[in-house]
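Asker: According to the numbering used here, the sequence shown holds residues -2 to 493 in order. I have a structure I would like to understand better, so I am pasting it below and will then ask my questions one at a time.
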Amino acid sequence: MRYLDQALETYGKSDVYPFHMPGHKRNPLPFPEVYGIDITEIDGFDNLHHAEGILKEAQQRAADLYGSKHCYYLVNGSTCGILASICAAVGKRGKILVARNSHKAVYHALFLSEFVAEYLYPAVTECGIQGQITPQQVEDALKSDQEIAAVVITSPTYEGIISDIEGIAGIVHAYGIPLIVDSAHGAHLGFGGEFPENAVRLGADAAIESLHKTLPSFTQTALLHLNSDRISRSRIEKYLGIYETSSPSYILMAGMDACIRTVKECGAELFDNYRRKLNEFYKSCEDLKKIHVMTEQDLSKEEAFAWDDSKIVIFVRDSSKSGEWLYKELLLKYHLQLEMASGDYALAMTSIMDTDEGYQRLSSALHEIEQSLCGSGEKEQKCCMQKELPGCGMEEASQAQKGNSSFVKEVYRPNPCQMQIYEAEEGKIAEVPFDEAIDKVAADFIFLYPPGIPLIVPGEIITAEFIERLRTCIHLKLNLQGSTDLYAERIKIVYF
C-alpha cells in the first residue's frame, strides 16, 4: 500500500529535477512549520471574504507590487478568479467575445451564466503552436457586433505567446466595455529580467495570475487584480464568495504573502540572475540541429506580439520522434521532469528558483539526445517539417507532421454554431458512433490536450469534415479528451 504523504516525501528526496510548476521548484523560502500555523478565522487573523485587517494589508501589498487598484487572494487557483471576473463583468445571457484558446474555466463561466459567445481564433505559428490575438481582430469583432459586453483573452499562453494587451485594451475601452486577461502564466512579468510588462499595467480591467505557476508560491495560489470601475467591485466580491472556498487555507495565504515579500525585497537580484541563467542556457543550445530550442527569432510579428522565454519550448526535428518521446526520454533517462508534451515539442517551465545545475542538466541531456539522433543515420529534417501519414482520411493531414502549422490550422477550423453551450448541455443527450453524429449538434467539449483548446464546444455542428479531423488526431495518437471513448469513435450529441 502506498500513502501519498510518504510517496511525496520520497519523491522530494529524489534527483528528479522539476522543470514544471509550481514555481518554487521544491526550493523552500523561509517558512514556519505548517502544522503550527494551520488555523481558521480566529481573532486577530481576519477573514478573506471580509478582509479588514492583516489579510487586507497583505492583498494591498500585492496590489502595490503589480500596480492594480484592488487585489484579491485566490486559494482556489486562477480558476475561481476567471469565473468570478467573467460572471461579474457581464449580466446573465449577455454576449461576450472570447479567445478560442481559453482555459476551460472560461467555458464553464459561459455555461453557468448562459452567455452568448463569439470567438476570436488565435494565429497559428509556422511551428504549429497557438499564436496571438491581434488588436485588429478585436476591433473587427466589436465593430460588427455592438451587443458584446466584455472581451476575454489569454496572454501569455502556455508556450509564452503574448498578445498586444495595451493595444487591445485601448480598442476595448473605446467601446466602453472591460477587458479580462487570463494571465495565469504571467505572474512573473514586469519585474525585470528583460521580461515583458504585466497585463495589469498595460490596461487590463481584470487580470488573473497564478503565483504558483511561475513564482515561489504553493500550488493553488493566485491573484485577481481589478484595475477599473468597468467591472463592479461588489459583483467581483459576490462571485468570489460563490466560487472560492469559505475556508481559505492560512498556509496558502501565508505562502502568498511570503512570495510577494520575496519579489518586492529581492526581486531585482533574483530576476537578474534568472535572466543570466536563461541566456546561458539558450546560448548553450545554439549548436543543436535535430533538437531545436525555440527562440524569439522563430516567431514573426504576425504570430506573436512578444514572447516569454521563461517557457522553454523544445522541438524534435526528427520525423520519427515526437514531443512525447522527448518528454519521456528526458524523464526516464535523465530524471528531468518537464511540464508537458504536445505534437513534436515538449515544454520546460522555469522560474526565479531554478538552479544553474538544473539548466546545465537539461542542456547536457539535449546534447546527448542530439548525438543519439545524429547517430541514427536518419535524414535530418527541419523543425515542423511535413511527414507522411498514409490513409489518415484527410487530404492536408496526409502530409502533416504532428506540430505542422497547416494541420493545426485545419484541426482548429471553426465549426458552425446552432445553439449556445448552456442550451446544448441542458438538452437531451445521446452517445452515438462518429458516423451517426454527422450533421448533429455536439453535446460535449472535445479538447486536444495539451494545450487544452476545444476542437468543438456544445452547440456546434458536427460536420463530416470535423469527424475526419478527429480520426486524424486518433491516427496520430494525439491526446483527445471528452466524456466519451473517442478512440472507440463514440461522441455525444444533442438528441431532438
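Where a beta carbon is used, it is the ideal one built from N, C-alpha and C, also for glycine. Please read these numbers as outputs of a predicted model, since none were measured by experiment.
Could you tell me whether the segment 98 to 112 touches the segment 251 to 260, where touching means 3 or more Cβ pairs closer than 8 Å?
Answerer: These segments do not touch.
Asker: With 16 as the cutoff for other CB atoms within 10 Å, does His100 come out buried or exposed?
Answerer: Classification for His100: buried.
Asker: Can you grab the Cα-Cα spacing for the pair Ala485 / Gly449, in whole Å?
Answerer: Approximately 20 Å, taken between the alpha carbons.
Asker: Any idea if Cys263 is buried or exposed, counting beta-carbon neighbours within 10 angstroms, 16 or more meaning buried?
Answerer: Counting Cβ neighbours within 10 Å, Cys263 comes out exposed, since fewer than 16 surround it.
Asker: Could you give the distance in angstroms between the alpha-carbon of Gly74 and the alpha-carbon of Pro430?
Answerer: Cα to Cα, Gly74 sits roughly 37 Å from Pro430.
Asker: So which of Lys53, Thr242, Glu163 has the shortest CA-CA distance to Asn195?
Answerer: If we check each option's Cα against that of Asn195, Glu163 comes out closest.
Asker: Between Gln133, Ile150, Leu52, Ala120, which has its C-alpha nearest Leu94's C-alpha?
Answerer: The option with the nearest alpha carbon to Leu94 is Ile150.
Asker: Taking just the CA atoms, how far does Ala166 sit from Arg227?
Answerer: In a straight line, the C-alpha of Arg227 is about 12 Å away from that of Ala166.
Asker: From the DSSP output, read off the bridge partner residues of Trp304.
Answerer: The partner list for Trp304 (beta bridge, DSSP) reads Ile158.
Asker: Can you find at least 3 beta carbon pairs, one from the segment 34 to 44 and one from the segment 274 to 290, that sit closer than 8 Å?
Answerer: They do not touch, by the three-pair rule.
Asker: Can you list, in chain order, the residues of its chain with a C-beta nearer than 6 Å to that of Pro213? Leave out the 5 residues immediately preceding and following it.
Answerer: Excluding positions up to five away in sequence, the list reads Gly20, His21, Leu26, Cys256, Met350.
Asker: Just tell me which of Glu336, Leu327, Leu344 has its CA closest to the CA of Ser361.
Answerer: Out of Glu336, Leu327, Leu344, Leu327 has the C-alpha closest to the C-alpha of Ser361.
Asker: How about Thr572 and Leu296: are their beta carbons less than 8 Å apart?
Answerer: Because the chain here runs from -2 to 493, residue 572 falls outside it and cannot be looked at.
Asker: Roughly how many angstroms separate the alpha carbons of Ala343 and Glu321, rounded to a whole number?
Answerer: Roughly 7 Å between the two C-alpha positions.
Asker: For Leu1, count neighbouring Cβ atoms within 10 angstroms of its own Cβ and tell me buried if that reaches 16, exposed if not.
Answerer: Exposed, by the Cβ-count rule.
Asker: Evaluate the contact criterion for the segment 57 to 69 versus the segment 132 to 144: three or more CB pairs, one atom per stretch, below 8 Å.
Answerer: They do not touch, by the three-pair rule.
Asker: When the Cα atoms are used, what is the spatial distance from Lys354 to Val113?
Answerer: Before going on, a small fix: residue 354 reads as Glu here, not Lys. Straight-line Cα distance between these residues: approximately 50 Å.
Asker: How should Met291 be labelled, buried or exposed, when 16 other C-beta atoms within 10 angstroms of its C-beta is the threshold for buried?
Answerer: It is buried - the Cβ of Met291 has at least 16 other Cβ atoms within 10 Å.
Asker: The alpha helix (DSSP H) that contains Tyr331, what's its start and end?
Answerer: Its alpha helix (DSSP H) spans residues 320 to 331.
Asker: For the alpha helix (DSSP H) that contains Ile228, what are its first and last residues?
Answerer: Premise fails: Ile228 is in no alpha helix (DSSP H) and is neither H nor E.
Asker: Per DSSP, what kind of secondary structure is Thr151 in: helix, strand or coil?
Answerer: Three-state result, Thr151: strand.
Asker: Considering only DSSP beta bridges, list what Lys489 is partnered with.
Answerer: Lys489 is bridged to Glu428.
Asker: Mapping the DSSP letters down to three states, classify Leu473 as helix, strand or coil.
Answerer: Looking at Leu473 - three-state DSSP - the assignment turns out to be coil, as it is neither helix nor strand.
Asker: Could you check if Lys298 is buried or exposed, using at least 16 other CB atoms within 10 Å of its CB as the buried criterion?
Answerer: Looking at its Cβ environment, which holds fewer than 16 other Cβ atoms inside 10 Å, Lys298 is exposed.
Asker: Spatial neighbours of Thr216 within its chain, please: C-beta separation below 6 Å, excluding the five flanking residues on both sides.
Answerer: Here the set comprises Pro19, His209.
Asker: What does a CB cutoff of less than 8 Å around Ser152 pick up in its chain, not counting 5 residues either side in sequence?
Answerer: Closer than 8 Å at the Cβ level, and outside the excluded window around Ser152, lie Gln129, Ile130, Ile158, Ile159, Ser160, Ile162, Val178, Asp179, Ser180, Gly183, Ala196.
Asker: For Val72 versus Pro245, is the C-beta distance shorter than 8 Å?
Answerer: Contact flag set, yes.
Asker: Give me, in chain order, the residues of the same chain whose beta-carbon lies closer than 7 Å to that of Gln368; leave out the 5 immediate sequence neighbours on both sides.
Answerer: Excluding positions up to five away in sequence, the list is empty.
Asker: If you check the beta carbons only, do Thr211 and Ser316 fall under 8 Å apart?
Answerer: No, the pair does not count as a contact, with Cβ atoms beyond the cut-off.
Asker: Starting from Glu277, follow the alpha helix (DSSP H) in both directions and report where the run begins and ends.
Answerer: Counting along the chain, the alpha helix (DSSP H) containing Glu277 begins and ends at 247 to 281.
Asker: Can you list, in chain order, the residues of its chain whose CB lies under 6 Å from that of Pro193, leaving out five sequence neighbours each side?
Answerer: Cβ within range, chain order: Ile159, Leu186, Ala303.
Asker: Could you tell me the boundaries of the alpha helix (DSSP H) in which Val290 lies?
Answerer: Premise fails: Val290 lies in the beta strand (DSSP E), 288 to 290, not in any alpha helix (DSSP H).
Asker: Just to confirm the assignment, what range does the beta strand (DSSP E) spanning Asp93 have?
Answerer: Residue identity check: residue 93 is Ile in the sequence provided, not Asp. 92 to 96 is the extent of the beta strand (DSSP E) around Ile93.
Asker: Thinking C-alpha only, which one of Leu473, Glu234, Gly479, Ile36 is nearest Tyr247?
Answerer: Per the Cα distances, Ile36.
Asker: Say whether the segment 450 to 461 touches the segment 411 to 427, bearing in mind that this needs 3 or more beta-carbon pairs closer than 8 Å, one atom from each stretch.
Answerer: At 8 Å Cβ cutoff, the stretches touch.
Asker: Leaving out five residues on either side along the sequence, give the residues of the same chain with a beta carbon under 7 Å from the beta carbon of Tyr446.
Answerer: Excluding positions up to five away in sequence, the list reads Asn476, Gln478.
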